[in-house]
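From first to last, the protein sequence lines are chains A and B.
Under the numbering used here, think of the first position of the first sequence as 114, with each following residue one higher.
Under the numbering used here, think of the first position of the second sequence as 39, with each following residue one higher.
All residues carry an ideal CB built from backbone N, CA and C; glycine is no exception.
Computed from a predicted model, the values in this text were never measured in an experiment.
Heads up, the thing below is written out as structure tokens.
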Amino acid sequence: MRFTLKKDKSGVVVVGVEGQLIVGNRQELKQKVLDALEEGSRKFVIDFSKTGYIDSSGLGVLVSLSKKIREQGGELRLAGLNADLQTLFELTKLDTLFAITRTAEEALAAF
Amino acid sequence: MKLDVPSDLRVVGDAVELVASHLPPGTLSPRRISFNLRTALAEALGNAIRYGTGEDPRRIVRVLVELGRDVVRIYVVDDGAGFDPGGTPDPTSPENLEREFGRGLFVIRHLVDDVAFNEKGNGICLTLRAG
Chain A
114 MRFTLKKDKS
124 GVVVVGVEGQ
134 LIVGNRQELK
144 QKVLDALEEG
154 SRKFVIDFSK
164 TGYIDSSGLG
174 VLVSLSKKIR
184 EQGGELRLAG
194 LNADLQTLFE
204 LTKLDTLFAI
214 TRTAEEALAA
224 F
Chain B
39 MKLDVPSDLR
49 VVGDAVELVA
59 SHLPPGTLSP
69 RRISFNLRTA
79 LAEALGNAIR
89 YGTGEDPRRI
99 VRVLVELGRD
109 VVRIYVVDDG
119 AGFDPGGTPD
129 PTSPENLERE
139 FGRGLFVIRH
149 LVDDVAFNEK
159 GNGICLTLRA
169 G
């Protein structure tokens, strides 16, 4: 399980989530994104293409980060959800809160 | 299979992997193990550690896995005061949608075939069936 942050040439921060986003590691993700926000980044993509599962704490941290980023005039997009994760977002209705694209590349192109 | 999990949120992922990797092949489909079981067990353990044992490192959460023909039952029990599982608000209602917390039980109920609680409310049984 690890998180990777890369900034593309247009300044969008792409966060990779490998493994799982759950109660035990959500704070680490939150802090990394908040640090980037503090340093001036405003556009974020979280790429879940290498993510196995997300629990409700992981979902909660995404909601929290999205709010904080919006408060700073930025935007958080999600990408790469597999079928099970997509279903999780739909049943919790969080698919209505986030812009979700099939791939990180599509999310980057949409900014 | 029995497992005593320290009351530390950082070990939830490892505990989940330990249980999932010790299920005999064919008990559940790989997809149900890789997503439904892992997610539901992480929820149950996280709730037990955070709310049941208050993340007190001197306390433990007990996990018991029972295997039947075409069924897996996972019991997660803490030594806390318990809670009322009927008292949780709907996290999908508009006023709750942007809340950070409150989705755990809702998610569990959608991922497993049956959820049961003991009388005290400090133990949960997750039932997953094959198919």
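Suppose contacts are defined by Cβ-Cβ distances below 9 Å. Is residue i in contact with residue j by that definition?
i	j	result
SER177(A)	PHE211(A)	no
THR205(A)	VAL145(B)	yes
THR91(B)	ASP122(B)	no
LEU147(A)	VAL130(A)	no
ILE162(B)	ALA86(B)	yes
SER45(B)	ARG76(B)	no
ALA58(B)	ILE71(B)	yes
VAL50(B)	GLY171(A)	no
GLU157(B)	VAL174(A)	no
GLY140(B)	PRO132(B)	no
Within 9 Å (strictly less), CB to CB, does residue i reach chain A?
i	result
ILE112(B)	no
PHE155(B)	no
GLY84(B)	yes
SER67(B)	no
PRO123(B)	no
LEU135(B)	yes
SER59(B)	no
Is there at least one Cβ from chain B nearer than 9 Å to residue i's Cβ?
i	result
VAL174(A)	yes
LEU191(A)	no
THR216(A)	no
VAL127(A)	no
GLY186(A)	no
THR117(A)	no
GLN133(A)	yes
VAL130(A)	no
Skipping 5 residues on each side, what residues in its chain have a beta carbon closer than 8 Å to that of residue i?
i	result
ASP121(A)	VAL127, LEU221
ARG100(B)	LYS40, LEU41, ASP42, VAL43, TYR113, VAL114, VAL115, ASP116
Who are the Cβ neighbours of residue i in its own chain at under 6 Å, not counting the five residues just before and after it?
i	result
ARG190(A)	VAL158, ALA212, ALA220
ALA168(B)	LEU66, ASP108
ARG115(A)	GLU131
PHE202(A)	ASP208
Based on Cα-Cα distance, which residue from the options lies nearest to residue i?
i	options	result
GLN133(A)	GLN140(A), TYR166(A), LYS156(A), GLU152(A)	TYR166(A)
ALA149(A)	THR200(A), LEU172(A), GLY187(A)	GLY187(A)
LEU164(B)	PHE73(B), PRO63(B), ALA78(B), ARG107(B)	ALA78(B)
GLY142(B)	PRO127(B), ALA119(B), GLU133(B)	PRO127(B)
SER123(A)	ILE135(A), VAL136(A), ARG215(A), LYS156(A)	LYS156(A)
PHE224(A)	ALA192(A), GLY171(A), ASN138(A)	ALA192(A)
Since residue i and residue j are thought to touch, with beta carbons under 8 Å apart, how far apart are those beta carbons, to the nearest angstrom?
i	j	result
LEU66(B)	VAL110(B)	6 Å
GLY159(B)	GLY106(B)	Contact flag wrong, Cβ pair sits at about 25 Å.
ARG88(B)	LEU149(B)	Between LEU149(B) and ARG88(B) the Cβ distance is about 19 Å, and since that is not below 8 Å, they are no contact.
Leaving out the 5 sequence neighbours to the left and right, which residues in its chain are closer than 7 Å to residue i when beta-carbon positions are compared?
i	result
ASP151(B)	THR165, LEU166, ARG167
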